[in-house]
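Asker:
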Amino acid sequence: MHSFDYRAPKDLEETLEEAAHWGEKGRLLAGGTDLILFMERGRLRPEVVIEVPRTEPFTTLEETNGMIRIGARVTMGQLEHSPLIREKLPVLSQAAGEVGSVQIRNLATIGGNIVTASPAGDTLPALLVLDAQLMLQKKGSLRTVPIDQFFLGPGQTVREPDEVLTEVRVPVKGDRFVTQFYKLAVRSYMDIAIVDVAIGVYTNGDGAVEDARIALGSVAPTPIRAREAEERLKGQVPTETLIDEVALLAQKASSPITDQRGSAEYRWLMVYRLTKRLLTNALLNSSASGHR
Amino acid sequence: MAATQVRGQRIPRLDAPAKVTGRAKYTYDVDQTSDPRLKGMLYGAILRSRLPRARIRRIDTSKAEKMPGVRAVMSLVGEGAEVQYAGEALAAVAAETWEQAKDALSAIEVEYEPLPFEVDTDRAYEKGLRSSPRVERRGRGEDGFDEADVVVEATYRTPVQIHTPLETHGSVVVWTGPSQVVVYDSTQVLFSVRDSLARELNLPPENVQVICEYMGGGFGSKLWMQHYTPIAARLSRKAGAPVKLMLSREEDFLATGNNPDAVQTIRIGAKKDGTFVAFSRRSYGTGGVGGGADLPAPVYRFPHLYLEHVDVTTNAGPAAPLRAPKWPQAAFGVDSAIDELAAKLGMDPVELRIKNDPSEIRRKEWQIGAERIGWKEKWRPWGSHKGVLRRGLGCGASAWGGGGGPGSVAEVEIFRDGSVVVRLGTQDIGTGTKTVVGIAAADGLGLTPEFLRSDQFRVYIGDTRLGRSGGSGGSTTAASVYPAVYDAADKALARLKEFVAKKLGVPADRLVSQGGRIFDKQNPTKGLTWGEATRLLPTEAISQRGEWRPGMTGSGVAGCQFAEVEVDTETGIVRVVKVVAVHDCGAVINRLTAESQVIGGVTQGISFALLEGRLMDWQTGLMINADLENYKLAGAFEVPEIDVVLLDMPERGVIGLGEPPIIPTAAAIANAVANALGVRVRELPITPDKVLKALGKVPS
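Top line first, the protein sequences correspond to chains F and E.
If you count the first sequence from 1, position 95 lands on 95 in this note's numbering, and the numbers rise without skipping.
Position in the second sequence (from 1) plus 1000 gives the number in this note's numbering.
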């Protein structure tokens, strides 16, 4: 690995100072499970690594006024095990629990997973389904970016070099919002997704779908929402035929490539089948099928 | 060779506490805290070709030599030399830190003249980059098919597999005098490394000491001295300081060996009643720039046999033997074809195998395995499974040599205070050899498992200053070292008995050592405890050397495995539910580590069946997945319930077991998947997309 300088700001203010000072020469470290690998492989060569401190708001994990606040340094392990997340955002807990290994989850953070912006980042489809809001702060200003407007391409986001992702805010949608997540990988542990699918559906008392989210990972340059598919579902009472149609629309939203993990054709088919499987499980309440 | 108080029992590894507490120092770990001679140790690193084939026009190390911390730089190839694969060594440096060494590598200027290359086996075959066919014929060869009523034919493919030991390859070298060198090496073959390095450095072999007390696995690619050892020795001499040269995982993938791929077109002819008549196989595969991709003959009885093999040359690193070299590939082909034949004949595949298996032991094993997996209750014909999740059963056969032989010189020392020291220059590649050596000594001395695990009992291996021993390859270690250690222990005990005989007034040949006592077999109450006996020694210690003696070992083992799998037909994901592994290894020395060998073999077999495979980019000539993120190995969650059945046949003597358990696993899994689906995936690894292709759900 190349030589670099390391900064350890004590709090938010100092972090913003460092980020402003170093700009593009600096890289924020919030766990380092991706960053250090990228540096070892020479893919990133920052002059300075700025470690995000383990202090508020980076470590926040709480519910206030119907909003769950998750600090950027909250680890995958915390998301996996936190009673709050397990109860209120089970889809995020599950997705976080499927990242890497126990050791990686003890170190890797939600902020890192988001800012790394891998198309295969496991928590990202879950966060898309949950309408997460990202708080981007820099010296003297703060903006909120909905997660579906954050990603531009593999490793590319709307974040400016001097901006720091401080926390993620997720609105709590209540019991009628049913979510599902499926990570497809050849190995059941310590593997990168071939396809990630997350869904969220909000049904009213008559069984009609009021609102829906379908998010896909590893099948496009960024994690995506299948908006046409979501729209098709809204206002409808779900049937097998409808779910099939919706799954085909989700497939249409994807643009997978062939790589060493799977062929484009295979991924394409999996988007359809997994979307269908998850929607069927959530809406038709049939006995769950399939395994990982 | 019947079981005794220590032999055939479940003895935990003697070095388990050292390993789990981190006290055990592997080659990767050694430094001046473990060996003061390593003070001032430098870090070595090797610059490797980035191109699959090129002429080296110029190689300039002058900038690297001036870099901070750099203490030695060596060019390994001359200008004008041709490199033949990406990863071939070009130059080496030693520096004070690993980072400085890596920086120095990037300062070495290499001017390449790219040359045409080929890394794809099929393309290379088409281009004629291949050997002339090697043919083996038995009976009437292919003409024998005219006796068959039914013939099946299919082509099976297996990928290049990489050894991936947990500890990457490497050496740590220190010169302790102008012509004295000590080498820590992660090796399966201490004495061969010693002798090879002595030749390379023009030193008498006794001036070279090779140490490997603990090693993080070797599956065949550590079976001779590799290039990095003399490089480390030369860097060390040049720099005048110890050098640690451990390869990175990527270097391990590219330049330390691999298991050749295979494309086998197999034909089997049989009578209507299932009697095998003829077998033919035309195969090709690549051992990279080396050869060695040929496959062994099937283990079943075929009166007529025709084998034809062609080695293909590609611009990839040379092959190396990998745990039962080429046998799992061959078994995958043969046992897959047999199941295809069974389907065509409408026969039960287990019955078909028993009918054509020449091995009496394995015929028994098929029955044991079938019973343990529940074959009769669970097996249903191909194509009869329905639903999204489908389960299937399959099986495969294994055979191996595993005999041992002379070449080990063991020493057993008995001290007056009762303690026992055992010494032998063998190595423990993770199989539990140290414990096996201990059991052999305790067995020969009549000591108890408690004594074996006490402070009074010490076993030293892994050092060429100890008595000579052979390499650990071919599953020969146990059957080679056990008799030598037993012989030394037996002789040492005989000397101790002389003193006991005098004391008790009983002839020495009437004395028996058992359970920690030496007593008169005609009057068992007349005897001494081990401690009382050793206190009779007139000197501090007695010591005896032992060598391999005949009569304690055998060779030639049989085995079979059954797999149950569950396939998700929507995603193509295959989950192995259970494996039953039935193996014979003659007399079991340590049931615990013997079972571990089987579990390890099955695990590696699952990995080969479902996950592993080198991917080469034919356009750039580079390996795409030279890391453990993209080259996938089975992890703990891929390991199913493994039911290990070891046939206990003490009358056959000690026989090795390291390799045979990997042979049938992939075949059994492939057959189970085909049974579940009603269609067959004829190419390993059986990945989800291949499953869906076989089901016709994804275009091929």
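Quick reminder that beta carbons are idealized off the backbone N, C-alpha and C, glycines included.
Would you say R273 (chain F) lies against chain E (beta-carbon separation less than 7 Å)?
Answerer: yes
Asker: Counting only runs of 4+ residues fully inside the segment 1458-1482 of chain E, write out the alpha helix (DSSP H) ranges in chain order.
Answerer: The DSSP assignment places no complete alpha helix (DSSP H) segment of no fewer than 4 residues inside the segment 1458-1482 of chain E.
Asker: Helix, strand or coil for N1259 (chain E) per DSSP?
Answerer: strand
Asker: Return the first residue and the last residue of the beta strand (DSSP E) that R69 (chain F) is part of.
Answerer: 67-71
Asker: Is the CB of E1570 (chain E) under 7 Å away from at least one CB in chain F?
Answerer: yes
Asker: Where does R1058 (chain E) fall in DSSP's three states?
Answerer: In the structure shown, R1058 (chain E) sits in a strand (DSSP, three-state: E or B).
Asker: Please classify D125 (chain F): does DSSP put it in a helix, a strand, or coil?
Answerer: It is worth fixing the name first, because residue 125 (chain F) is Pro in this sequence and not Asp. Three-state result, P125 (chain F): helix.
Asker: Using a 10 Å radius around the Cβ and a threshold of 16 neighbouring Cβ atoms, would you call R1281 (chain E) buried or exposed?
Answerer: buried
Asker: Quick check: F151 (chain F) and T157 (chain F), are their CB atoms within less than 7 Å of each other?
Answerer: A distance below 7 Å separates the beta carbons of F151 (chain F) and T157 (chain F).
Asker: Which class does W1011 (chain E) belong to by DSSP, given the choice of helix, strand or coil?
Answerer: The identity of residue 1011 (chain E) in the sequence shown is Ile, whereas the question assumes Trp. Three-state DSSP puts I1011 (chain E) in coil, outside helix and strand.
Asker: Locate the alpha helix (DSSP H) running through V1436 (chain E), then write down its first and last residues.
Answerer: 1433-1445
Asker: Between the beta-carbon of V1409 (chain E) and the beta-carbon of R1545 (chain E), is there less than 7 Å?
Answerer: yes
Asker: List the endpoints of the continuous alpha helix (DSSP H) containing W1327 (chain E).
Answerer: 1327-1345
Asker: If I follow the unbroken alpha helix (DSSP H) through H21 (chain F), where does it start and stop?
Answerer: 12-22
Asker: If we ignore side chains and look at the alpha-carbon of each, how far apart do P1483 (chain E) and G1474 (chain E) end up?
Answerer: Looking at the backbone, the Cα of P1483 (chain E) and that of G1474 (chain E) are separated by about 17 Å.
Asker: If you draw a straight line from the C-alpha of P221 (chain F) to the C-alpha of G155 (chain F), how long is it?
Answerer: 9 Å
Asker: How would you list, in chain order, the residues of chain E whose beta-carbon sits under 7 Å from the beta-carbon of R43 (chain F)?
Answerer: For a Cβ distance threshold of 7 Å, nothing in chain E lies close to R43 (chain F): the least Cβ distance comes to about 13 Å.
Asker: Applying the criterion that 16 or more other CB atoms from any shown protein chain within 10 Å of the CB defines a buried residue, is T75 (chain F) buried or exposed?
Answerer: T75 (chain F) comes out buried.
Asker: Short of 8 Å Cβ to Cβ, which residues in the segment 1631-1655 of chain E face chain F?
Answerer: Result list: K1632, A1634, G1635, A1636, F1637, E1638.
Asker: What does V1284 (chain E) pair with, by DSSP beta-bridge criteria?
Answerer: The residue asked about is misnamed: residue 1284 (chain E) is Tyr in this sequence, not Val. Bridge partners of Y1284 (chain E): E:V1263, E:V1310.
Asker: Residues in the same chain with beta-carbon distance under 6 Å from R1316 (chain E), minus the five sequence neighbours each way, listed in chain order, please.
Answerer: One detail in the question is off: residue 1316 (chain E) reads as Ala in this sequence, not Arg. Closer than 6 Å at the Cβ level, and outside the excluded window around A1316 (chain E), lie Y1085, V1119, G1288.
Asker: Can you tell me whether DSSP reads F1253 (chain E) as helix, strand or coil?
Answerer: helix
Asker: Against chain E, with Cβ distances strictly below 7 Å, would M190 (chain F) count as a contact?
Answerer: yes
Asker: Looking at the C-beta of I1046 (chain E), does it have a partner C-beta in chain F at a distance below 7 Å?
Answerer: no
Asker: If we ignore side chains and look at the alpha-carbon of each, how far apart do V1070 (chain E) and T1097 (chain E) end up?
Answerer: Cα to Cα, the separation comes out at about 9 Å.
Asker: Beta-carbon within less than 6 Å of R1010 (chain E)'s beta-carbon, same chain only, minus the 5 sequence neighbours each way: which residues are those?
Answerer: R1591, L1592
Asker: Could you confirm whether any beta carbon from chain E is found closer than 7 Å to the beta carbon of S141 (chain F)?
Answerer: no
Asker: Thinking just about the alpha-carbon of each residue, which of F:V219, F:V168, F:I224, F:K139 is nearest to the one in D20 (chain F)?
Answerer: It is worth fixing the name first, because residue 20 (chain F) is Ala in this sequence and not Asp. Comparing Cα-Cα distances from A20 (chain F) to each of F:V219, F:V168, F:I224, F:K139, the minimum goes to F:K139.
Asker: Name the residue from E:K1344, E:T1620, E:I1624 whose alpha carbon lies nearest to the alpha carbon of G1613 (chain E).
Answerer: E:I1624
Asker: Are the segment 29-43 of chain F and the segment 103-116 of chain F in contact at 8 Å, needing three or more beta carbon pairs?
Answerer: Output reads yes: the segment 103-116 of chain F touches the segment 29-43 of chain F.
Asker: Smallest Cα separation from I1275 (chain E): which of E:G1291, E:H1309, E:M1347?
Answerer: Here residue 1275 (chain E) is Thr; the residue named in the question, Ile, does not match the sequence. If we check each option's Cα against that of T1275 (chain E), E:M1347 comes out closest.
Asker: Considering only their Cβ atoms, is the gap separating R1058 (chain E) from E1082 (chain E) smaller than 7 Å?
Answerer: no
Asker: Can you tell me whether F1637 (chain E) is buried or exposed? The criterion is at least 16 other CB atoms within 10 Å of its CB, across all chains shown.
Answerer: exposed
Asker: What beta strand (DSSP E) runs, 3 residues minimum, are completely inside the segment 206-280 of chain F?
Answerer: 209-217
Asker: Could you name the residues of the same chain whose beta carbon sits closer than 6 Å to that of A1442 (chain E), not counting the 5 residues immediately before and after it, in chain order?
Answerer: Here the set comprises V1006, L1452.
Asker: So, are the CB atoms of E1564 (chain E) and V1577 (chain E) less than 7 Å apart?
Answerer: yes
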